[in-house]
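Undergrad: Sharing a structure, written as structure tokens. Questions coming.
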């Protein structure tokens, strides 16, 4: 077995940076288009938004909301940061799952998923900075005036919100920030611990490292189960502060998980196209394809379980979430496109065995799914932050490109540091002969 | 000349001998009717040159039938035959139909697959399964060759089977 190493060549670096610059240019172009008011529908929305913002200021809004374009930039930064933080986390989770299941087939591809974890500190730092800079625009509950029943002179506070005030213990700033920091710290430290064993195994061999990794992975999965759910409430669900759904933790996890699987598969295919990972054959790809197909259905199942109960019970404080998304001219098409991209297309395109075994189909579906679930996060965050002023244009796509290239850059840098194949993995032999 | 279908049955002691024997027998131009083993042997279909099963296609079509049937049933009942006002929703609310549609799809697809498998494997009711050697459910690997399908004579095939490592070669006749 060769100690093949991925080389993050200058050419590849250049391409990644070009994508990053294109993304930044698109973001700037998007901002300019919003402010000049172009000829498209979305710019009309922006004009309305400016008016609406004007009204809000005239009405003496305490929040001190900035310009609409700025709020949109903040919302987009938040969407992408949560999405890519999730992808990084899923990389670690994928490796952990393989160890806890004591899987042999994935021994040859687990190194591809490992470096995902190195994005976690970047995402955590960005999230803290973003929260301090954009928190008031994204999270309604961060405003202090909501919590006092009476003003200082003893008269009733017109802005007092008893529902939000009732959530003070959970949505208090120290607890919220504490959770955010603890989650990222624990995730990253657990990842480093697993990674360390994996690299030690490369040098010394023997199965004691594998056994340690099984233990660490089991601990990680327990922590992940609780923390990923709470992270979903904190970073996404608390945007619609009055609204809640008991499915939400699962919903966000399912979205992250299937997008993460798609991105790992895409990375494997990319590496194979460049001549690496020769021992990974169509049988391994078939298994990844099954993963993606099955979890696309799982996401749909979770999504629908949340939707059906709210639709059927039709209780106003619950259904408001879908009313916001289904009565708006802007969000309604995206709502249906989301379902088509994340369920209908993967379901039909990846159904047959041949589709899962051929790179071209897999690549197509992986790209559809990654974009689709990014759109899913867009749909979770934007209506709550932007209300009717949301838009979709160069700004959104540019920001996705910026984050995707930065993520790829970090990923490739770390991928190039270690051999692509964990040569002393005790189940490497099984993985080489994997045949289904 | 015996009436009915005549088979030559080779008995093999272990899977390696069997797999090698299959290769040898097929190389000498003999068509194998079927092979029976006490446990699944990985890669046996490839050695036998079987095409992939078309059961998934059948499953998809059965599933599609279930979807159509469930949706037609509910739209007819709730929309045409006996419309009912439930919770102020319209008479045919698609989202509430989805769980039933899903269940019907899974049910028909599962039943259809099992049924198809039974028919194809000759396990249908009143069907008489051909048992070439009962020991294939215990510890022997059994290879059956349809004499009518092969141009070689019984003696020639028999000697090839013996050469390929069969511990015994028997004849079976089904009416």
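Chains as they are written, first to last, in this note's numbering: chain W, 1 to 436; chain R, 437 to 611.
For every residue, glycine included, the Cβ atom is placed at its ideal position computed from N, Cα and C.
As the structure is a computational prediction, the values presented were derived from the model and not from experiment.
Leaving aside the five residues before and after residue 169 of chain W along the sequence, list all residues of the same chain whose C-beta is less than 8 Å from its C-beta, in chain order.
TA: Same-chain partners within the cutoff: 175.
Undergrad: Within the present structure, is the beta-carbon of residue 209 of chain W separated from the nearest heavy atom of the ligand COA by less than 7 Å?
TA: Within the structure as shown, the ligand COA is missing, as the structure has no ligands at all.
Undergrad: Residue 453 of chain R to residue 600 of chain R, Cα distance in whole Å?
TA: Using only the alpha carbons, I get a separation of about 8 Å.
Undergrad: Distance, Cα to Cα, residue 440 of chain W vs residue 223 of chain W?
TA: Nothing can be reported for residue 440 of chain W: it is not among the residues displayed for chain W, which extend from 1 to 436.
Undergrad: Quick one: what's got a C-beta closer than 6 Å to residue 220 of chain W's C-beta in the same chain, skipping five residues either side?
TA: Same-chain partners within the cutoff: 96, 190.
Undergrad: Report buried or exposed for residue 262 of chain W, applying the criterion of at least 16 other Cβ atoms within 10 angstroms of its Cβ.
TA: Residue 262 of chain W is buried by the Cβ-count criterion.
Undergrad: Which of helix, strand or coil does DSSP assign to residue 607 of chain R?
TA: Strand, per DSSP.
Undergrad: Measure from the alpha carbon of residue 214 of chain W to the alpha carbon of each residue in W:101, W:234, W:17, then state which is nearest.
TA: When only C-alpha atoms are compared, the closest one is W:101.
Undergrad: Which complete beta strand (DSSP E) runs does the region 469-527 of chain R hold, if anything under 3 residues is left out?
TA: Fully enclosed beta strand (DSSP E) runs of 3 or longer: 470-472.
Undergrad: Could you tell me which chain R residues have their CB closer than 8 Å to the CB of residue 308 of chain W, listed as they occur along the chain?
TA: Those within 8 Å of residue 308 of chain W in chain R are 531, 532, 534, 535.
Undergrad: Please confirm if residue 311 of chain W has its CB atom under 8 Å from at least one CB of chain R.
TA: Cβ-Cβ to chain R under 8 Å: yes for residue 311 of chain W.
Undergrad: Which residue from W:370, W:346, W:305 puts its Cα closest to that of residue 532 of chain R?
TA: For residue 532 of chain R, the nearest C-alpha among the options comes from W:305.
Undergrad: Going by C-alpha to C-alpha distance, which of W:430, W:232, W:208, W:200 sits closest to residue 179 of chain W?
TA: Among W:430, W:232, W:208, W:200, the Cα nearest to that of residue 179 of chain W is on W:232.
Undergrad: What number of angstroms, rounded off, separates the C-alpha of residue 68 of chain W from the C-alpha of residue 342 of chain W?
TA: Roughly 30 Å between the two C-alpha positions.
Undergrad: Cutting at 8 Å between CB atoms, please list the residues of its own chain near residue 421 of chain W, excluding the five before and the five after it.
TA: Once the five neighbours on either side are set aside, the close Cβ partners of residue 421 of chain W are 1, 2, 3, 4, 108, 111, 277, 279, 428.
Undergrad: Would you mind working out which of R:549, R:515, R:466, R:577 sits nearest residue 502 of chain R, comparing C-alpha positions?
TA: If we check each option's Cα against that of residue 502 of chain R, R:549 comes out closest.
Undergrad: When the Cα atoms are used, what is the spatial distance from residue 124 of chain W to residue 508 of chain R?
TA: Answer to the nearest angstrom: the Cα atoms are 51 Å apart.
Undergrad: Of all the residues that make up the region 511-531 of chain R, which are near chain W by a beta-carbon distance shorter than 7 Å?
TA: Residues 523, 531.
Undergrad: Say whether the region 506-520 of chain R touches the region 475-493 of chain R, bearing in mind that this needs 3 or more beta-carbon pairs closer than 8 Å, one atom from each stretch.
TA: With a cut-off of 8 Å, the region 475-493 of chain R and the region 506-520 of chain R do not count as touching, because too few Cβ pairs lie within range.
Undergrad: Any idea which residues DSSP pairs residue 150 of chain W with across the strands?
TA: Answer is W:156, bridged to residue 150 of chain W.
Undergrad: I need the straight-line Cα distance from residue 390 of chain W to residue 426 of chain W, nearest angstrom please.
TA: Taking the straight line joining both Cα atoms gives about 52 Å.
Undergrad: Counting pairs of Cβ atoms below 8 Å between the region 287-296 of chain W and the region 247-261 of chain W, do you hit three or more?
TA: At 8 Å Cβ cutoff, the stretches touch.
Undergrad: For a test of the three-state rule: what should DSSP assign to residue 350 of chain W, helix, strand or coil?
TA: Here residue 350 of chain W sits in coil by DSSP.
Undergrad: Only counting runs of 3 or more residues, tell me where the beta strand (DSSP E) segments fall wholly within the region 535-606 of chain R, in order along the chain.
TA: The qualifying runs are 577-582.
Undergrad: Quick check on residue 376 of chain W: buried or exposed, where buried means 16 or more other Cβ atoms within 10 Å of its Cβ?
TA: The residue in question, residue 376 of chain W, is buried, as its Cβ has 16 or more Cβ neighbours within 10 Å.
Undergrad: Indicate whether at least one CB of chain R lies closer than 8 Å to the CB of residue 304 of chain W.
TA: Chain R contact via Cβ: present.
Undergrad: How far does the beta strand (DSSP E) with residue 466 of chain R in it reach, from first residue to last?
TA: Neither: residue 466 of chain R is in no beta strand (DSSP E) and is coded neither H nor E.
Undergrad: Taking residue 588 of chain R as the reference, which of R:447, R:449, R:450, R:461 has the closest Cα?
TA: Among R:447, R:449, R:450, R:461, the Cα nearest to that of residue 588 of chain R belongs to R:461.
Undergrad: Strictly under 8 Å for the Cβ-Cβ distance: is residue 314 of chain W near chain R by that measure?
TA: Chain R contact via Cβ: present.
Undergrad: Is the Cβ-Cβ distance between residue 447 of chain R and residue 603 of chain R less than 8 Å?
TA: In this structure, residue 603 of chain R lies closer than 8 Å to residue 447 of chain R by Cβ.
Undergrad: Which stretch, first to last residue, makes up the alpha helix (DSSP H) that contains residue 116 of chain W?
TA: Taken as a continuous stretch (DSSP letters only), residue 116 of chain W belongs to no alpha helix (DSSP H), as it is neither H nor E.
Undergrad: Since residue 9 of chain W and residue 408 of chain W are thought to touch, with beta carbons under 8 Å apart, how far apart are those beta carbons, to the nearest angstrom?
TA: Their Cβ separation, rounded to whole angstroms, is 14 Å, which puts residue 9 of chain W and residue 408 of chain W out of contact at 8 Å.
Undergrad: Among W:153, W:181, W:139, W:146, which one has its Cα closest to the Cα of residue 166 of chain W?
TA: When each option's Cα is compared against that of residue 166 of chain W, the closest is W:146.
Undergrad: Distance, Cα to Cα, residue 62 of chain W vs residue 150 of chain W?
TA: Annotation note: pLDDT 43 at residue 62 of chain W (below 50); position unreliable, coordinate value reported separately. The straight-line gap from Cα to Cα measures roughly 16 Å.
Undergrad: Which term fits residue 556 of chain R, buried or exposed, when burial requires 16 or more other beta carbons within 10 angstroms of its beta carbon?
TA: Answer is exposed; the Cβ neighbour count stays below 16.
Undergrad: Give every residue of the same chain whose Cβ lies closer than 7 Å to the Cβ of residue 499 of chain R, excluding the five residues on either side of it in the sequence, and list them in chain order.
TA: Around residue 499 of chain R: 541, 544, 545.
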